[in-house]
Amino acid sequence: MTIVHRVLPPHPVETFDDYLAVRGGRGIEAARAAVPADVIAELEASGLRGRGGAGFPTGRKWRTVAANCSVDNPATVVVNAAEGEPGTMKDRTLLRMNPYEILEGALIAAVVVGADAVVIALKESFRTETARVQSAMDAIRAAGWADGITMSIYPGPSEYLYGEETALLESLDGRAPFPRIAPPFRRGVDEVVETPGDITSGSGLSAHVEMADASHTAAAPTLVDNVETMANVPRIVWRGADWFRTEGTQESPGTMVCTVTGAVQHAGVGEFPMGTPLREVIETVGGGMRPGRTLTAILPGVSSPVITADQLDAPLSYEGLAAIGSGLGSAGFIVYDDTFDAVAVAAGASRFLAVESCGQCTPCKQDGLIISDRLQSLAAVDDTRVDLQQDMVEIGRRLDSVITGARCSLATQHQVVVASLIAAFPEAFDAHVAGTATPHEPELIAELVDVRDGKGEFDATFRTKQPDWTHGDHDSGASPVDRFTDHRVNRFTDS
Ligand SMILES: Cc1cc2nc3c(=O)[nH]c(=O)nc-3n(C[C@H](O)[C@H](O)[C@H](O)COP(=O)(O)O)c2cc1C
Ligand code: SF4
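Start counting the sequence shown at 3; every next residue gets the next number (my numbering).
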């Protein structure tokens, strides 16, 4: 039993006074008294890596933003609270349990990179978390911690891509959540370069947003960090890098807040030292498998390859899960037992990624939809299809091409998740091709609405979400990018 409570307390921190009682405020106090470069050096020494999925070194990101600050405009700090990875509920749990620590981390970031604004970017549908953050913000403002820094909440759209940080910045600027072209970092809020091309085409697409570099200093950079990343900051600042490294591994110091759902006894969220065997995470949070069933596979969301039963001793860490060919991602683990159908899971993951694709890169949307469609036929053992073997060939071909020219990593996710299921469970795919398998609908793979009373509730409304991001029975055939061509002037809505 290795549950720890560094950022996820055992009970909710209900009031600001409760937070002060557990030594809240020491981080911001230390940061305001220190030289910013020293705080960044401590963060770098701690080895903290971003908990939003990519594991990028947080200190290095802060150093880059601070070094590229604008002479004219202060930077902005954005907390990525968009949480939409299927099977992940950790950020909302942290926001509910202790919003004060996340806000304190964000204020420290603002002090260190010279920002005058902190934005908590969550989804409009996250009502409980919004209320918690709002009341924490009020108390923190009243205590004077935020003097000179404005704090606000941005209620964003429901789309998965809204969590991708450049799409999130697009959304903050009032446009659709379409990813920008990826440089190491980019200019942020309120920074769109008008070009004649934009005006004549009427598009103003995200490709035209200026990228940050040292040669242009008028626009300020924006620092985007995940909720859990920010929650770790205050204690690193006041207790130091060495303390932070007393948990975890050399390459993955600290802890990770994990979500376990699926075929376990009870779904839940728990914090573990990095390096804990994955088996222990699943057993401790999930309480083991349902009676008579055995664990067969774990899907770590839709961003990393499937994990099989023989890989459960892998350590929960960036390097540990990479070594078994998967990834830590945001540590959301959907558990499947021996009744699972790998083809139905592949069809569900593929449908999620194909529908959520924005269509800025044609292969990502078009090939993605073909993969999803073929997998759905295969899962259903659709005997109106002439040749299911041919469908498998087509799936393989499209998995090669889906990543062509991809602007963000969603297309690669599609490729690796589906390919990993085909590689790990070939007999399941063979049985569907041969028509001997039991027909299945695609498994529902979607955002978690909540994890409550030991149950993970996946968003059932996703079943009617169409590839053009409308809800209903009809697929218009359009891509989201075609529907929101005038999003420069019209605020995006997902209705
Ligand atoms: C399709 C997609 C969805 C993402 N969704 C989220 C999300 O919901 N929350 C999040 O923090 N990061 C998400 N990310 C990662 C962010 O782009 C970014 O790496 C992260 O916010 C950086 O913060 P960190 O360094 O603290 O992890 C997503 C990335 C992709 C490609
Ligand atoms: S890779 Fe896919 S989701 Fe990402 S920007 Fe291109 S079309 Fe959109």
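All C-beta atoms, glycine included, are put in the ideal place defined by N, C-alpha and C.
- In terms of side-chain proximity, the C-beta atom of Thr414 is found no nearer than 6 Å to any non-hydrogen atom of ligand 1.
- In this structure, the beta-carbon distance from Val304 to Phe335 does not fall below 7 Å.
- Spanning the alpha carbons of Phe246 and Thr472 requires a straight line of approximately 45 Å.
- In the structure shown, the three-state DSSP call for Met91 is coil.
- In the assembly as shown, Ser478 is an exposed residue. Its beta-carbon has fewer than 16 other beta-carbons within 10 Å.
- Remark: C-beta atoms of Gly327 and Pro307 approach each other more closely than 7 Å.
- Apart from sequence neighbours up to five positions away, the residues of its chain that approach Ala148 with a beta-carbon distance below 7 Å are Leu109, Ile142, ordered along the chain.
- When the beta-carbon positions are compared, Arg28 and Trp240 come within less than 7 Å of each other.
- The criterion of a C-beta distance shorter than 7 Å is satisfied by Glu44 and Ala243.
- In this structure, the alpha-carbon of Ala333 lies about 17 Å from that of Pro59.
- Boundaries of the alpha helix (DSSP H) harbouring Thr231: 229–241, taken from the DSSP string.
- Straight-line measurement puts the Cα of Gly256 at about 11 Å from the Cα of Val235.
- A check of alpha carbon separations from Glu253 across Ala36, Ala47, His476 identifies Ala47 as the nearest.
- DSSP places Val6 outside both helix and strand once states are collapsed to three, so it counts as coil.
- For Ser305, the secondary structure class from DSSP, reduced to helix, strand or coil, is coil.
- Counting C-beta pairs closer than 8 Å gives fewer than three between the region 88–102 and the region 71–79, which falls short of the contact rule.
- With fewer than 16 neighbouring CB atoms inside 10 Å of its own CB, Glu429 falls in the exposed class.
- The distance from the Cβ of Cys360 to that of Leu163 is about 6 Å, consistent with a contact at the 8 Å cut-off.
- Minimum Cα-Cα distance from Leu225 among the listed residues Val114, Leu22, Glu273, Ser160 corresponds to Val114.
- In the three-state DSSP reduction, Asp340 falls in the coil class, being neither helix nor strand.
- Ranking Leu280, Pro293, Pro181, Gly289 by CA distance to the CA of Ala299 puts Leu280 first.
- Look at Ser359: its beta carbon is less than 6 Å from one of the heavy atoms in ligand 2.
- Boundaries cannot be given for Pro469, as no alpha helix (DSSP H) includes it and DSSP labels it neither H nor E.
- Setting aside the 5 residues that flank it on each side, Ser154 is surrounded in the same chain by Val121, each with a C-beta closer than 6 Å to its C-beta; the list follows chain order.
- Taking the Cβ of Asp339 as the reference point, every heavy atom of ligand 1 lies at 6 Å or farther away.
- Leu163: not part of any alpha helix (DSSP H); DSSP gives it neither H nor E.
- Here the C-alpha atom of Pro157 lies approximately 42 Å from the C-alpha atom of Asp312.
- Residue side-chain check: Pro179 keeps its Cβ at 6 Å or more from all non-hydrogen atoms of ligand 2.
- With respect to the 7 Å criterion, Ala325 and Phe427 are not classified as neighbours on the basis of their beta carbons.
- For Asp40, the closest alpha carbon among the candidates Thr466, Gly146, Gly61 is that of Gly61.
- Listed in chain order, the non-local C-beta contacts of Leu371 below 7 Å within the same chain comprise Ala356, Pro469, local neighbours out to five positions each way being set aside.
- Less than 7 Å divides the Cβ of Arg400 from the Cβ of Ile373.
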